[in-house]
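Novice:
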Amino acid sequence: DAEITQSPRHKITETGRQVTLACHQTWNHNNMFWYRQDLGHGLRLIHYSYGVQDTNKGEVSDGYSVSRSNTEDLPLTLESAASSQTSVYFCASSEGTLNTGELFFGEGSRLTVL
Amino acid sequence: AQTVTQSQPEMSVQEAETVTLSCTYDTSESDYYLFWYKQPPSRQMILVIRQEAYKQQNATENRFSVNFQKAAKSFSLKISDSQLGDAAMYFCAYRRGTGGDDKIIFGKGTRLHILP
């Protein structure tokens, strides 16, 4: 069965360290998204990609970067982790404009920045 | 910019009763999609129901139905015969239907408690 997997599921790091969260999907979807979930804020879009070599900033992109070198993967990098980036991070994918665009989600990665 | 508002941070309902979760959105588009996602304690996001804006008929999925009022920009979720397994965070979400803009915008969520 097709799926979307995130790793690590849990990570604790220190302020200032670089962190990369991996996202891998086997749906063969063109679109991939990174959201963060915080209490009182719901899900907020960090970065997204509509295909290989395409990346776009979402509403909370500061301090984060992504790269899309193939269809399956969209890693999220925190260049210098800050305590404000403690959150649960969700990766998601979707087919594209010519359909409803339903998102398929990974199971989330809980990141704690000390 | 499009926005999605869920005005009820938390709600409670007695098991087997009916509950309605509210959602309003703001857009200047005429073609779009609306979704309700469920997030149980396991944290996995699950699509509950979706509605295409061009369809006048309200979507229904078993015990879940929506009341889509396009002119009022309202998209509420009704859960009938509530079950303990319905306890979760529910998110309303919006996506443009045209223009190649596939990103989905979420509301802040409503936490639903089911009382036995």
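So the protein lines, in turn, are chains A and B.
The numbering of the first sequence is this note's numbering, which starts it at 24 and goes up by one.
The numbering of the second sequence is this note's numbering, which starts it at 123 and goes up by one.
Ideal placement from N, C-alpha and C gives every residue a C-beta, glycine not left out.
Given the structure is predicted, the values throughout are model-derived calculations rather than measurements.
Hey, is leucine 44/A's beta-carbon within less than 9 Å of any beta-carbon in chain B?
Specialist: For the purposes of this step, residue 44/A is taken as the residue at position 21 of the first sequence. By this cut-off, leucine 44/A is not an interface position.
Novice: For isoleucine 226/B versus valine 135/B, is the C-beta distance shorter than 9 Å?
Specialist: If you number the second sequence from 1, residue 226/B lands on position 104. If you number the second sequence from 1, residue 135/B lands on position 13. No, Cβ-Cβ distance for isoleucine 226/B and valine 135/B is not below 9 Å.
Novice: Shorter than 9 Å from the beta carbon of valine 75/A to some beta carbon of chain B?
Specialist: Taking the first sequence and counting its residues from 1, one reaches residue 75/A at position 52. Not an interface residue.
Novice: Please classify glutamine 173/B: does DSSP put it in a helix, a strand, or coil?
Specialist: On the second sequence, residue 173/B is found 51 positions in, with the first residue counted as 1. Residue state, collapsed to three classes: strand.
Novice: Output yes if chain B places a C-beta closer than 9 Å to the C-beta of serine 107/A; else output no.
Specialist: Taking the first residue of the first sequence as 1, we reach residue 107/A at position 84. Taking Cβ atoms only, chain B never reaches closer than 9 Å to serine 107/A, which makes this a no.
Novice: So which residues on chain B does glutamate 130/A lean against when the C-beta distance must stay under 7 Å?
Specialist: Here residue 130/A is taken as the residue at index 107 of the first sequence, counted from 1. Result: Arg165 and Gln166.
Novice: Leaving aside the five residues before and after proline 162/B along the sequence, list all residues of the same chain whose C-beta is less than 6 Å from its C-beta, in chain order.
Specialist: The count along the second sequence starts at 1 and reaches residue 162/B at position 40. Excluding sequence neighbours, proline 162/B sits near Ala210.
Novice: Just how far apart, CA to CA, sit serine 107/A and glutamate 37/A?
Specialist: For the purposes of this step, residue 107/A is taken as the residue at position 84 of the first sequence. For the purposes of this step, residue 37/A is taken as the residue at position 14 of the first sequence. Rounded to whole angstroms, serine 107/A to glutamate 37/A spans 12 Å at the Cα level.
Novice: Answer with buried or exposed for lysine 230/B, where buried requires no fewer than 16 other C-beta atoms within 10 angstroms of its C-beta.
Specialist: Within the second sequence, the letter at position 108 stands for residue 230/B. That one is buried.
Novice: Consult DSSP for leucine 97/A and reduce its assignment to one of helix, strand or coil.
Specialist: For the purposes of this step, residue 97/A is taken as residue 74 along the first sequence, with counting starting at 1. DSSP places leucine 97/A in coil when its eight states are reduced to three.
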